[in-house]
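Per full-length UniProt numbering, residue 1 is the first one in the sequence shown, and the count goes up by one each step. Cβ atoms here follow ideal geometry from the backbone N, Cα and C, with glycine treated the same way. Read through the structure below, which is laid out as structure tokens, and then see the notes.
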Amino acid sequence: MLRRYYRENSEREMYMKVKEFLYGGDYNPEQWPEEVWEADMKMFRKAHINELTLNVFSWAALQPSEETYDFSKLDKIMELVRANGFKVILATSTAATPPWMAKRHPDILRTDGNGMKRKYGARHNFCPSSPTMRKYAPLLAQKLAERYKDYDNIVAWHIGNEYGGECHCDNCQKNYREWLKKKYGTLDELNRAWNTSFWSHTYYDWDEIQIPDERSENFVSEGGKKITQVQGQFLDYMRFNSDIMLDEYRIERDAIKKITPDIPITTNFMWFFYGLNYREWAKYMDFVSWDCYPHMDTEPAELAMAHDLIRGVGGQKPFALMESSPSVTNWQHINPLKRPGQMTLYSLEAVAHGADTVQFFQMRRSRGAAEAMHGAVIEHVGLAGTRVFDEVEKLGARLEKMNEILGSTVPSQAAVVFDWENWWAVDALQGPNELIDYKNECLNYYRGFFENHIPVDVIGLDDDLSKYKVVVAPMLFMASKDYAEKIEDFVRNGGAFIASALTGYVDKDYLFYQGGYPGPFKELFGLWVEEQDALAPDAPDHFEWDGQEYEAQLICDQIRPLSELKKLIEENKKELGELDYFKSPAYQISEDAGDMTVDGTYADDFYKGTPVITENSYGKGRAYYIGTQSTPDFYKDFMKQVTKKAGIKPAAEGVKKGVEVAVRENENGKFLFYLDHKNNTVEVKKA
Ligand code: GLA
Ligand code: ZN
1 MLRRYYRENS EREMYMKVKE FLYGGDYNPE QWPEEVWEAD MKMFRKAHIN ELTLNVFSWA
61 ALQPSEETYD FSKLDKIMEL VRANGFKVIL ATSTAATPPW MAKRHPDILR TDGNGMKRKY
121 GARHNFCPSS PTMRKYAPLL AQKLAERYKD YDNIVAWHIG NEYGGECHCD NCQKNYREWL
181 KKKYGTLDEL NRAWNTSFWS HTYYDWDEIQ IPDERSENFV SEGGKKITQV QGQFLDYMRF
241 NSDIMLDEYR IERDAIKKIT PDIPITTNFM WFFYGLNYRE WAKYMDFVSW DCYPHMDTEP
301 AELAMAHDLI RGVGGQKPFA LMESSPSVTN WQHINPLKRP GQMTLYSLEA VAHGADTVQF
361 FQMRRSRGAA EAMHGAVIEH VGLAGTRVFD EVEKLGARLE KMNEILGSTV PSQAAVVFDW
421 ENWWAVDALQ GPNELIDYKN ECLNYYRGFF ENHIPVDVIG LDDDLSKYKV VVAPMLFMAS
481 KDYAEKIEDF VRNGGAFIAS ALTGYVDKDY LFYQGGYPGP FKELFGLWVE EQDALAPDAP
541 DHFEWDGQEY EAQLICDQIR PLSELKKLIE ENKKELGELD YFKSPAYQIS EDAGDMTVDG
601 TYADDFYKGT PVITENSYGK GRAYYIGTQS TPDFYKDFMK QVTKKAGIKP AAEGVKKGVE
661 VAVRENENGK FLFYLDHKNN TVEVKKA
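In structure tokens:
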């Protein structure tokens with residue numbers, strides 16, 4: 001039962017390094033009489049469970065009133081679990097506040113975007129700016145750390161639970177203004193960045209600024225999408241909201257770190273979670289963890305990408321699969337059972353993508369309230385030997401033989417950029433097509449690699465690119481000049497870079513680049529996007545690439561060679577005179593910037609025969625531009641060609657359709673996972 005930790009760098013100085021796969025999950029013995037506990041311990045051991053995540057939602061029990069704390073039940077549970085040889089991930093219990101607290105200190109309650117102050121109820125219900133929360137949440141965390149610090153079976157701390165949501169109360173409003181003051185210093189600077197001369201928005205007093213919500217800048221469009229009017233302000237609000245939630249996490253984290261500096265700390269992420277910039281959050285986590293609940297129609301590539309995304313935000317190190325259902329969820333519209341073998345498949349898929357744990361929600365099905373119909377290792381029948389229990393038991397035995405995989409990484413030579421701020425930026429865009437979805441666009445490219453069995457890292461803008469041969473940054477609508485230079489270096493040194501429609505339109509303030517799209521990337525791609533057409537989903541255009549016809553969907557960039565833009569600038573100068581206007585950097589194009597090569601052209605409409613897929617040789621590398629969206633067959637064919645040219649080999653060849661291949665590698669060797677999504681089977685081979 002040894003705790004072994006690994007010191008890395010100063011930002012993320014350690015991660016949970018365990019000698020055996022952690023196998024267990026959320027266990028709520030406080031909901032049960034003690035005679036049940038004893039049976040649970042025995043059943044868990046039978047199922048090869050070795051870890052229990054405790055105390056996720058017990059605040060009201062631990063603190064019955066403002067003045068009193070009662071740890072007696074948790075003491076018993078901690079003792080029992082240690083005596084039975086289980087490791088523990090100990091949660092701080094702060095994701096659901098006690099009712100008395102809301103009654104006495106209403107500042108703890110959230111206010112919705114329509115101004116409705118919430119009453120007490122449900123969970124994830126605290127205001128991140130609440131002075132009450134900021135006093136009592138870290139205090140509880142501190143008390144837990146002091147009380148249980150000597151339990152050497154605690155492998156990690158779990159702060160809160162699935163952070164998310166927004167609060168629009170006056171305290172949050174005040175903090176938003178403070179955040180803006182710190183960022184901009186002066187109102188002039190803020191007015192510039194938000195382009196407030198549009199629609200008479202100039203601010204003269206910080207107190208005039210409101211959180212953008214249904215009462216201020218937001219409305220719902222004809223198509224049903226939430227629209228915001230001042231994009232720069234919206235973007236800052238999203239940044240602020242992620243930061244203020246993170247602040248709440250950090251005060252609990254800091255309280256614990258003071259007492260148990262060697263126990264790693266995490267909180268559980270969710271999927272592609274829109275509201276929080278997980279990459280920023282991960283900087284304050286010793287290892288990342290996430291809760292994996294695929295929907296009934298989630299495709300294998302999306303699930304694989306979600307794992308890779310989480311591994312990526314954690315710096316490509318092993319992560320924890322903090323929660324998953326052993327059988328069903330209860331919160332989807334329709335909740336089908338995981339088919340025989342599917343739980344094993346999904347669990348080992350997480351492992352294949354870098355998880356060093358397999359954990360479930362929940363260990364025992366609760367007796368009452370919202371989650372009584374949610375799958376569990378022990379179901380309401382209360383016995384071992386059910387279909388689900390048996391599969392859990394078999395997987396436990398299997399994991400015990402796989403420990404040499406622990407600590408390994410995924411040897412990727414290709415990467416897909418996924419940037420939260422850009423996600424918000426694309427989402428906030430009004431026009432050209434409401435159906436454009438950044439996450440889907442990223443998934444299109446990821447799937448192209450996936451279907452060719454090419455391991456991929458999902459990376460952020462700050463990640464080092466030197467280990468990659470191919471990098472795709474789909475729809476990087478918001479891109480700084482610095483980032484464009486970083487990409488130019490990457491390509492100059494031999495990398496292949498791929499970008500797609502709506503790249504390089506705005507800077508970090510959401511101000512549009514002047515002098516032609518794709519702003520700072522024009523020379524790299526050797527092109528100019530003059531306009532963009534929008535298509536209805538049921539009326540795609542077509543294009544030809546490599547002798548085949550594919551669909552062009554939703555957006556069709558009107559692409560010109562860069563020399564046409566140069567010519568246009570010269571003609572304007574001739575006609576309007578050598579104005580200062582033309583001295584702006586927007587109109588400077590290097591002498592040696594060349595034109596792209598056209599690889600694919602549109603097959604329909606007034607732009608038939610004009611470029612849609614282009615490539616440009618730049619230094620030792622190549623820059624590809626895909627001016628539209630297409631169907632999976634295109635991305636598969638395209639990625640096959642590009643990766644082959646770049647010298648990337650698939651992890652396996654001649655693989656049956658429907659089988660996913662993933663790789664992990666460490667000093668013990670290379671581990672190949674064959675995940676058959678059609679038949680719910682997994683083979684793990686050492687290469
Ligand atoms: C989330 C929560 C858990 C539980 C599960 C149910 O992941 O963290 O507390 O509600 O969902 O799927
Ligand atoms: Zn608030």
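heavy atom of ligand 1 below 6 angstroms from THR329 C-beta: What you label residue 329 is simply residue 329 of the sequence shown in a count that begins at 1. Between ligand 1 and THR329, a heavy atom-to-CB distance of less than 6 angstroms is present.
PHE521 and VAL458 closer than 7 angstroms at C-beta: Within the sequence shown, residue 521 is the residue found at index 521, counting from 1. Within the sequence shown, residue 458 is the residue found at index 458, counting from 1. Going by beta carbons, PHE521 and VAL458 fall outside the 7 angstroms limit.
Spatial distance of TYR6 from ILE310 (CA atoms): Position 6 of the sequence shown, counting from 1, holds the residue named residue 6. Position 310 of the sequence shown, counting from 1, holds the residue named residue 310. Because the pLDDT at TYR6 is just 36, under 50, the model does not fix this residue reliably, and the point stays unresolved.
Supposed close pair residue 722, VAL612 - CB separation, criterion 8 angstroms: Here the chain covers residues 1 to 687 and nothing more, so residue 722 does not appear.
Three-state class that DSSP yields for LYS573 in the structure shown: Here residue 573 corresponds to residue number 573 of the sequence shown, with the count starting at 1. Three-state result, LYS573: helix.
Expected contact under 8 angstroms - CB spacing of GLY232 and HIS168 to nearest Å: Counted from its first residue, the sequence shown places residue 232 at position 232. Counted from its first residue, the sequence shown places residue 168 at position 168. Taking 8 angstroms as the upper bound for CB-CB distance, GLY232 and HIS168 are not in contact here, some 19 angstroms apart.
Coarse secondary structure for MET322, derived from DSSP in three states: The residue you call residue 322 lines up with position 322 of the sequence shown. Reduced to three states, the DSSP call for MET322 is strand.
Local conformation of THR132 per DSSP, three classes: On the sequence shown, residue 132 is found 132 positions in, with the first residue counted as 1. Three-state DSSP puts THR132 in a helix.
CA-to-CA distance, TRP157 to SER93, given in whole angstroms: Residue mapping note: residue 93 aligns to position 93 of the sequence shown, counting from 1. Residue mapping note: residue 157 aligns to position 157 of the sequence shown, counting from 1. Cα-Cα distance, rounded: 11 angstroms.
Three-state class that DSSP yields for THR298 in the structure shown: Indexing the sequence shown from 1 puts residue 298 at position 298. Three-state result, THR298: coil.
Between the CA atoms of PHE126 and ARG110 - distance to the nearest angstrom: The residue you call residue 110 lines up with position 110 of the sequence shown. The residue you call residue 126 lines up with position 126 of the sequence shown. C-alpha of ARG110 to C-alpha of PHE126: approximately 6 angstroms in a straight line.
beta-carbon PHE361 near ligand 1 non-hydrogen atom, thresh 6 angstroms: Here the question's residue 361 lines up with position 361 in the sequence shown. Because some heavy atom of ligand 1 lies under 6 angstroms away, the Cβ of PHE361 counts as near it: yes.
Any non-hydrogen atom of ligand 1 closer than 6 angstroms to ASN125 Cβ: For this step, residue 125 is matched to residue 125 along the sequence shown. For ASN125, the Cβ stays outside the 6 angstroms cut-off from all heavy atoms of ligand 1.
GLU162: CB within 6 angstroms of a non-hydrogen atom of ligand 1: The residue you call residue 162 lines up with position 162 of the sequence shown. GLU162: yes, Cβ under 6 angstroms from ligand 1.
Beta-carbon proximity list for THR329, same chain, < 8 angstroms, skipping 5 on both sides: To locate residue 329, count along the sequence shown from 1; it is residue 329. Cβ within range, chain order: TYR293, ASN335, HIS374, GLY375.
Which of helix, strand or coil DSSP assigns to PRO611: Within the sequence shown, residue 611 is the residue found at index 611, counting from 1. DSSP places PRO611 in strand when its eight states are reduced to three.
Close beta carbons around LEU535, own chain, < 8 angstroms, minus the five adjacent residues each side: Counted from its first residue, the sequence shown places residue 535 at position 535. Within the same chain, LEU535 has close Cβ partners ASN433, ASP541, ALA552, GLN553, LEU554, ILE555, CYS556.
Residue range of the alpha helix (DSSP H) that includes ASN679: Within the sequence shown, residue 679 is the residue found at index 679, counting from 1. Neither: ASN679 is in no alpha helix (DSSP H) and is coded neither H nor E.
For GLN532: DSSP bridge partner residues: Sequence index remark: in the sequence shown, residue 532 carries index 532 (1-based). ASP557.
Any non-hydrogen atom of ligand 2 closer than 6 angstroms to CYS172 Cβ: As a first step, residue 172 must be located in the sequence shown, where it is residue number 172. Under cutoff, so the answer is yes.
Nearest candidate by alpha-carbon position, reference ASN679, set VAL659, LYS685, GLN548, LEU672: Within the sequence shown, residue 679 is the residue found at index 679, counting from 1. That would be VAL659, whose Cα lies nearest to the Cα of ASN679.
Inter-stretch contact (C-beta, 8 angstroms, three-pair minimum) for the region 252 to 260 and the region 427 to 442: With the cut-off at 8 angstroms, the region 252 to 260 and the region 427 to 442 do not touch.
Cβ neighbour criterion (16 or more within 10 Å) applied to MET101: As a working mapping, residue 101 is identified with position 101 in the sequence shown. The residue is buried, with at least 16 neighbouring Cβ atoms inside 10 Å.
Residue span of the alpha helix (DSSP H) that contains ILE77, given as start and end: One-based indexing of the sequence shown puts residue 77 at position 77. It spans 72 to 83 - the alpha helix (DSSP H) in which ILE77 sits, taken as one unbroken run.
Through-space distance from ASP40 to ASP463, alpha-carbon basis: Indexing the sequence shown from 1 puts residue 463 at position 463. Indexing the sequence shown from 1 puts residue 40 at position 40. ASP463 and ASP40: Cα-Cα distance of roughly 44 angstroms.
Whole-angstrom C-beta distance between ILE159 and ILE265, which should lie under 8 angstroms: As a position in the sequence shown, residue 265 is number 265, starting the count at 1. As a position in the sequence shown, residue 159 is number 159, starting the count at 1. Beta-carbon to beta-carbon, ILE265 and ILE159 are separated by about 6 angstroms, close enough to satisfy the 8 angstroms threshold.
ARG622 - partner residues in DSSP beta bridges: Counted from its first residue, the sequence shown places residue 622 at position 622. When DSSP reads this structure, ARG622 sits in a beta bridge with ALA496, SER617.
Any non-hydrogen atom of ligand 2 closer than 6 angstroms to SER221 Cβ: Stepping through the sequence shown from its first residue, residue 221 is reached at position 221. Checking every heavy atom of ligand 2 against the Cβ of SER221, none is found closer than 6 angstroms.
Backbone secondary structure at TYR69 - three-state DSSP: On the sequence shown, position 69 is the one that residue 69 refers to. TYR69: coil per DSSP, three-state reduction.
Endpoints, the beta strand (DSSP E) within which MET343 is located: For the purposes of this step, residue 343 is taken as the residue at position 343 of the sequence shown. MET343 -> not in any beta strand (DSSP E); alpha helix (DSSP H) instead, spanning 342 to 352.
Proximity winner among PRO650, LYS76, THR631, TYR278, relative to residue 691 (alpha-carbon distances): Here the chain has residues from 1 to 687 only, and residue 691 is not among them.
Contact belief for PRO474 with TYR445 at Cβ below 8 angstroms, rounded distance in angstroms: For the purposes of this step, residue 474 is identified with residue 474 of the sequence shown, where counting begins at 1. For the purposes of this step, residue 445 is identified with residue 445 of the sequence shown, where counting begins at 1. PRO474 to TYR445, Cβ: 5 angstroms. Contact.
GLU323 CB to nearest heavy atom of ligand 1 below 6 angstroms: The residue given as residue 323 occupies position 323 in the sequence shown. Answer for GLU323: yes, Cβ within range of ligand 1.
Residue environment, LYS685, which counts as buried when at least 16 other CB atoms sit within 10 Å: The residue you call residue 685 lines up with position 685 of the sequence shown. Exposed, since its Cβ has fewer than 16 Cβ neighbours within 10 Å.
Same chain, Cβ closer than 7 angstroms to THR631, neighbours up to 5 away in sequence not counted: As a working mapping, residue 631 is identified with position 631 in the sequence shown. A distance below 7 angstroms between beta-carbons, with the five flanking residues on each side excluded, links THR631 to the following residues of its chain, in chain order: TYR550, GLU551.
Which of helix, strand or coil DSSP assigns to ILE487: Within the sequence shown, numbered from 1, the residue matching residue 487 stands at position 487. Three-state DSSP puts ILE487 in a helix.
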